[in-house]
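Have a look at the structure below before the remarks.
Residue numbers (this note's numbering), protein chains in the order written: chain A, 184 to 523; chain B, 184 to 523.
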């Protein structure tokens with residue numbers, strides 16, 4: 184198989200670093216890695232295949248040089264960067280898989296979770312494929328096999344999202360707060376709006392009363408599942424955890440499904456690990472699953488408050504399956520299909 | 184007004200200490216405080232009204248001495264202690280307000296949140312009044328005014344519960360884990376089943392698939408609201424926060440209610456503070472409300488996924504309104520009614 188030239192744009196961020204780690208695991212053949220970042224990261228290097236690779240600047244001197252010969256460009260440097268450079272990289276011949284929110288709801292840009300709608304990635308008239316938001320990915324992976332069995336009626340989601348979802352600097356800020364707390368110093372918040380150590384936070388609201396994260400979760404879930412009118416509502420909360428998003432999901436179904444049937448359908452589905460024996464204190468927790476690939480589902484319970492409703496607890500590494508791994512899995516699918 | 188002799192049983196625990204702080208705020212006239220605890224706390228003192236008061240032992244030498252002349256006994260030393268000594272204290276003439284789960288579902292023992300069902304406290308044939316579980320109290324305070332306006336249809340709750348709900352030793356363990364983390368040492372879990380720093384946890388499951396906390400929340404909510412068949416389901420999660428339980432609450436109503444109507448009903452209800460301007464990042468967070476009295480409600484949002492449904496975010500200090508303050512408010516009500 185031919186080796187790919189892969190650019191990672193946003194190579195020094197939380198997701199970019201995870202993308203390079205995932206690429207280094209050999210899931211797709213990478214002949215050349217091109218790490219790209221903003222001026223802030225000028226002069227830095229990233230480790231890949233046992234070597235230090237210098238980071239290229241996205242603009243000025245290094246553009247368009249870094250796009251030359253790139254087969255695959257994984258973007259995770261924010262929506263503005265994607266909007267500006269994504270089409271340029273695609274125009275230069277790369278398949279762009281974009282982890283930002285820039286194109287997720289745009290026509291002509293498929294929004295893809297391989298376990299759910301892999302084939303959508305084959306039809307990409309603009310050369311760009313959108314990687315969904317972290318909290319969406321793990322939700323749709325868990326909902327899909329249940330939808331196939333019983334049909335989704337209404338979904339109520341409450342999230343418990345790790346701080347790495349706000350970026351590497353937010354994690355560093357939380358960890359600084361922990362060190363400051365241990366030394367008796369007050370917490371300082373510069374990246375996030377309030378201290379997150381021993382606290383909870385919300386994402387920001389741009390318009391209306393839902394946060395942007397809640398709006399993304401609702402819209403992206405509908406689009407990926409191909410259920411435009413899916414009844415779904417979300418409350419998204421940041422918790423003081425470094426890595427691993429958790430979701431309490433209540434689902435009403437169109438046709439009856441027992442907890443046992445749901446567990447069986449989930450266990451048979453791709454990308455899911457069922458971990459469900461609460462009497463033995465076996466359930467997925469973020470600390471335990473960080474660094475792994477699967478979407479973990481536990482605490483599958485029948486909910487007698489509505490006919491045929493279930494509660495689920497869904498946990499995944501938000502940097503891996505929630506971002507970097509999903510992007511690389513899309514690339515793997517394209518390779519297997521001869522589409523990259 | 185006559186001054187009361189008040190025993191606090193479990194005086195050295197997280198809730199017991201908060202009870203003594205709340206009593207020290209002068210909400211009821213306390214002529215004499217009798218702190219009571221297990222053998223483990225023998226020889227300790229507690230601060231009250233500017234003095235150090237020696238802790239009496241619940242058993243052997245100090246029993247039944249500590250019950251003598253006690254008008255009001257506030258219990259928070261676990262269900263076993265309440266089952267054994269609650270009836271003895273009541274038999275000795277005290278009004279017992281019990282914060283454990285021992286009597287909450289028992290006939291002849293009212294389960295009381297003053298804002299919701301204060302009058303129930305007047306009918307206590309066994310001399311015992313049960314104080315509800317922390318996560319229940321703040322939920323029913325928020326639900327009651329909405330139920331009065333629009334009628335509760337179905338409630339889906341996901342909780343974000345502070346570690347003080349597991350006791351003072353659990354908080355100390357989490358804080359030790361933070362200090363250990365800052366010093367590069369691995370976390371140690373002895374009180375809670377797994378490390379809670381930078382993690383989430385569940386309460387234990389005794390039977391079935393719901394945790395005990397989830398079962399309490401469902402049953403107690405129904406009992407306090409007097410809605411035996413209320414459709415309600417809960418997922419209860421512990422988060423690494425010292426004080427302050429938060430709840431994401433989705434409510435379907437029997438009659439339509441707008442977010443604005445709900446906010447107005449909540450703002451007019453006793454014991455509630457509405458804090459709801461997410462565009463200005465105003466919403467209740469545990470770090471901000473710890474140490475205060477109210478049940479805070481924010482993020483009141485219409486939920487288009489079901490007719491007339493709303494999302495709410497409900498936060499309260501689990502040691503105060505969730506336990507100690509609620510117990511003292513019951514006593515205050517009894518005093519005002521001439522029933523203590």
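Beta carbons are placed, not taken as given, at the ideal position from N, Cα and C, and that holds for glycine.
Euclidean distance between Cα positions of residue i and residue j
| i | j | result |
| --- | --- | --- |
| residue 432 of chain B | residue 323 of chain A | 22 Å |
| residue 280 of chain A | residue 369 of chain A | 41 Å |
| residue 214 of chain A | residue 409 of chain A | 36 Å |
| residue 234 of chain A | residue 518 of chain A | 25 Å |
| residue 224 of chain A | residue 250 of chain A | 18 Å |
| residue 203 of chain B | residue 194 of chain B | 7 Å |
| residue 217 of chain B | residue 382 of chain A | 35 Å |
| residue 378 of chain A | residue 462 of chain B | 18 Å |
| residue 396 of chain A | residue 348 of chain A | 11 Å |
| residue 399 of chain A | residue 264 of chain B | 50 Å |
| residue 289 of chain B | residue 411 of chain B | 14 Å |
| residue 299 of chain A | residue 430 of chain A | 18 Å |
| residue 427 of chain B | residue 318 of chain B | 10 Å |
| residue 346 of chain A | residue 373 of chain A | 14 Å |
| residue 501 of chain B | residue 274 of chain B | 30 Å |
| residue 302 of chain A | residue 491 of chain A | 31 Å |
| residue 513 of chain A | residue 325 of chain A | 18 Å |
| residue 506 of chain B | residue 198 of chain B | 7 Å |
| residue 355 of chain A | residue 384 of chain A | 16 Å |
| residue 313 of chain A | residue 476 of chain B | 47 Å |
| residue 226 of chain A | residue 283 of chain A | 24 Å |
Chain B contact residues for residue i, given Cβ-Cβ distances below 7 Å
| i | result |
| --- | --- |
| residue 268 of chain A | Here the premise fails: no neighbours, minimum Cβ distance about 31 Å. |
| residue 479 of chain A | Within chain B, no residue comes near residue 479 of chain A; the closest Cβ sits about 13 Å away, beyond 7 Å. |
| residue 462 of chain A | 388 |
| residue 412 of chain A | Going along chain B, no residue has its Cβ under 7 Å from residue 412 of chain A, so there is no contact; the nearest lies around 10 Å. |
| residue 429 of chain A | 383 |
Cross-chain neighbours of residue i in chain A, by beta carbon under 8 Å
| i | result |
| --- | --- |
| residue 384 of chain B | 468 |
| residue 362 of chain B | 365 |
Same chain, Cβ closer than 6 Å to residue i, neighbours up to 5 away in sequence not counted
| i | result |
| --- | --- |
| residue 266 of chain B | 285 |
| residue 257 of chain A | 191, 202, 280 and 510 |
| residue 439 of chain B | 491 |
| residue 494 of chain B | 433, 484 and 486 |
Proximal residues to residue i (C-beta, below 7 Å), its chain only, five neighbours per side dropped
| i | result |
| --- | --- |
| residue 339 of chain A | 416 and 433 |
| residue 236 of chain A | 216, 218, 228 and 229 |
| residue 315 of chain A | 287, 294, 296, 403 and 407 |
| residue 364 of chain A | 370 and 380 |
| residue 196 of chain B | 259, 260, 350 and 351 |
Chain A contact residues for residue i, given Cβ-Cβ distances below 9 Å
| i | result |
| --- | --- |
| residue 323 of chain B | Under the 9 Å cutoff, chain A gives no residues; its nearest Cβ is about 16 Å from residue 323 of chain B. |
| residue 496 of chain B | 385, 418 and 420 |
| residue 433 of chain B | 339, 341, 416, 418 and 433 |
Other residues of its chain near residue i: CB distance less than 8 Å, five sequence neighbours each side excluded
| i | result |
| --- | --- |
| residue 307 of chain A | 278, 291, 292 and 293 |
| residue 361 of chain B | 380 |
| residue 451 of chain A | 328 |
| residue 247 of chain A | 271 and 275 |
8 Å Cβ cutoff met for residue i and residue j
| i | j | result |
| --- | --- | --- |
| residue 508 of chain A | residue 192 of chain A | no |
| residue 457 of chain B | residue 424 of chain B | no |
| residue 344 of chain A | residue 419 of chain A | yes |
| residue 435 of chain B | residue 352 of chain B | no |
| residue 414 of chain A | residue 489 of chain B | yes |
| residue 254 of chain B | residue 187 of chain B | yes |
| residue 496 of chain B | residue 469 of chain B | no |
| residue 262 of chain A | residue 238 of chain A | no |
| residue 269 of chain B | residue 211 of chain B | no |
Under 7 Å by beta carbon: chain A residues contacting residue i
| i | result |
| --- | --- |
| residue 486 of chain B | 416 |
| residue 221 of chain B | None at all; the shortest Cβ gap to chain A is about 27 Å. |
| residue 353 of chain B | Chain A residues near residue 353 of chain B: none, gap ~13 Å exceeds 7 Å. |
Interface partners of residue i on chain B, CB under 8 Å
| i | result |
| --- | --- |
| residue 453 of chain A | None at all; the shortest Cβ gap to chain B is about 25 Å. |
| residue 425 of chain A | 381 |
| residue 393 of chain A | 484 |
| residue 443 of chain A | Residues of chain B passing the Cβ test: none, with the nearest at roughly 11 Å. |
Interface partners of residue i on chain B, CB under 9 Å
| i | result |
| --- | --- |
| residue 376 of chain A | 464 |
| residue 404 of chain A | Here the premise fails: no neighbours, minimum Cβ distance about 11 Å. |
Practice problem: Just list the beta strand (DSSP E) runs in the stretch 470-518 of chain B, keeping only unbroken ones of 3 residues or longer that don't cross its boundaries, in chain order. | Solution: 478-486 and 492-499
Which ranges would you report for the beta strand (DSSP E) in the stretch 387-469 of chain A if only whole runs of at least 3 residues count?
The qualifying runs are 414-418, 428-436 and 455-457.
Query raised in the report: Enumerated in chain order, which unbroken segments of the beta strand (DSSP E) with a length of 3 residues or greater are wholly contained in the stretch 308-335 of chain B?
Result: 311-313
Segments of 4+ residues assigned as alpha helix (DSSP H) that fall wholly inside the stretch 336-390 of chain A
Within the stretch 336-390 of chain A, the complete alpha helix (DSSP H) runs of at least 4 residues are 351-365.
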